[in-house]
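Novice: Here you go, one structure.
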Amino acid sequence: MNREARESFAAFVAARSGSLIRTAYVLAGDQHAAEDLLQNALAKTAARWGRVRDNPEGYVRRAMYNEQVNRWRRRRRESVVAEPPDLPSAGPDVDLRLALERALLALPPRKRAVLVLRYYEDLPEREVAAIMGCSVGTVRSQTHRAIARLRELAPDLAVHLTPTGSRP
Numbered sequence: 086m087n088r089e090a091r092e093s094f095a096a097f098v099a100a101r102s103g104s105l106i107r108t109a110y111v112l113a114g115d116q117h118a119a120e121d122l123l124q125n126a127l128a129k130t131a132a133r134w135g136r137v138r139d140n141p142e143g144y145v146r147r148a149m150y151n152e153q154v155n156r157w158r159r160r161r162r163e164s165v166v167a168e169p170p171d172l173p174s175a176g177p178d179v180d181l182r183l184a185l186e187r188a189l190l191a192l193p194p195r196k197r198a199v200l201v202l203r204y205y206e207d208l209p210e211r212e213v214a215a216i217m218g219c220s221v222g223t224v225r226s227q228t229h230r231a232i233a234r235l236r237e238l239a240p241d242l243a244v245h246l247t248p249t250g251s252r253p
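In structure tokens form, the structure reads like this:
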């Protein structure tokens with residue numbers, strides 16, 4: 086990589102790393118795993134910088150998504166512990182976020198990814214479809230099914246998963 090390309094890549098990382106680490110965290114569910122996920126995606130991006138510099142963020146997001154799906158596939162085992170970990174008492178907003186996190190982690194990887202990309206990253210359906218390598222119709226149906234499953238997993242979140250003015 087020449088000097089100009091290194092500077093261009095460094096500027097991209099400096100400008101977009103905050104947003105990308107948040108996406109990685111939502112995909113991975115853990116800060117350390119998110120950092121590893123983003124670092125691996127950025128390494129892949131740096132290696133292909135000359136070809137992806139027109140849309141590097143899309144490439145990084147796609148790389149993170151693919152890497153995380155591979156991790157989910159490899160890690161299908163549950164950890165058995167003697168006692169559940171202690172959870173601090175929290176206010177209603179924290180309880181709500183924890184319930185949402187547990188419900189999201191219970192979703193299959195593809196449904197979780199579509200919700201993260203669609204609502205957390207606020208990407209249009211067309212971009213989500215491009216990142217996930219599927220049609221816009223598939224994004225719509227996966228979104229609908231994922232929200233329905235979230236309502237089943239966490240009924241107390243149903244009021245937050247329903248658009249304003251409509252009934253759950």
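The sequence shown begins at 86 in the numbering used here and counts up one residue at a time. Glycine included, every Cβ here is placed at the ideal spot set by N, Cα and C. Everything numeric in this text was worked out from a predicted model, so none of it was measured.
1. Measure how close the beta-carbons of Leu74 and Ala113 come, nearest whole angstrom, since I'm counting them as under 8 angstroms.
2. If you count every other CB in all the chains shown that lies within 10 Å of the CB of Arg197, and 16 or more means buried, which is it?
3. Please state whether DSSP places Leu185 in a helix, a strand or coil.
4. If you draw a straight line from the alpha carbon of Ala90 to that of Arg234, how long is it in whole angstroms?
5. Would you please state the rounded distance, in angstroms, between the beta carbons of Glu210 and Val224? I believe it to be under 8 angstroms.
6. Compute the distance between the beta-carbons of Ala109 and Ala119, then report whether it is under 7 angstroms.
7. Please check the pair Arg107 and Glu142, which I expect to be a contact at CB under 8 angstroms, by giving their CB distance rounded to whole angstroms.
8. Checking 7 angstroms against the spacing of the C-beta atoms, do Ala126 and Ala95 come in under that value?
9. What are the start and end residues of the alpha helix (DSSP H) that includes Arg133?
10. Which residues in the same chain as Lys129 place their Cβ atom closer than 7 angstroms to its Cβ, once the five residues preceding and following it in sequence are excluded?
11. For Arg203, count the other beta carbons within 10 Å of its own beta carbon; 16 or more makes it buried, fewer makes it exposed. Which is it?
12. In its own chain, which residues sit with a C-beta less than 6 angstroms from the C-beta of Val154, not counting the 5 before and 5 after it?
Specialist: Walking through what the data contain:
1. No statement about residue 74 is possible, as the shown extent of the chain runs from 86 to 253 and does not include it.
2. Against the sequence shown, residue 197 aligns to sequence position 112. When all chains shown are included, Arg197 counts as buried.
3. Here residue 185 is taken as the residue at index 100 of the sequence shown, counted from 1. Leu185: helix per DSSP, three-state reduction.
4. Reading the sequence shown from its first residue, position 5 is the one you call residue 90. Reading the sequence shown from its first residue, position 149 is the one you call residue 234. The straight-line gap from Cα to Cα measures roughly 44 angstroms.
5. Here the question's residue 210 lines up with position 125 in the sequence shown. Here the question's residue 224 lines up with position 139 in the sequence shown. Rounded, the Cβ-Cβ distance is 5 angstroms, consistent with contact.
6. Here residue 109 is taken as the residue at index 24 of the sequence shown, counted from 1. Here residue 119 is taken as the residue at index 34 of the sequence shown, counted from 1. In contact: Ala109 and Ala119 (Cβ atoms closer than 7 angstroms).
7. Within the sequence shown, the letter at position 22 stands for residue 107. Within the sequence shown, the letter at position 57 stands for residue 142. With 8 angstroms as the limit, Arg107 and Glu142 do not qualify as a contact, their Cβ atoms being about 13 angstroms apart.
8. To locate residue 126, count along the sequence shown from 1; it is residue 41. To locate residue 95, count along the sequence shown from 1; it is residue 10. Not closer than 7 angstroms, so no.
9. Here residue 133 refers to the residue found at position 48 of the sequence shown. No alpha helix (DSSP H) contains Arg133, which DSSP labels as neither H nor E.
10. Taking the first residue of the sequence shown as position 1, residue 129 is located at position 44. Taken in chain order, the residues that qualify are Ala148.
11. Reading the sequence shown from its first residue, position 118 is the one you call residue 203. Buried, since its Cβ has 16 or more Cβ neighbours within 10 Å.
12. Mapped onto the sequence shown, residue 154 falls at position 69. Answer for Val154: Pro194, listed in chain order.
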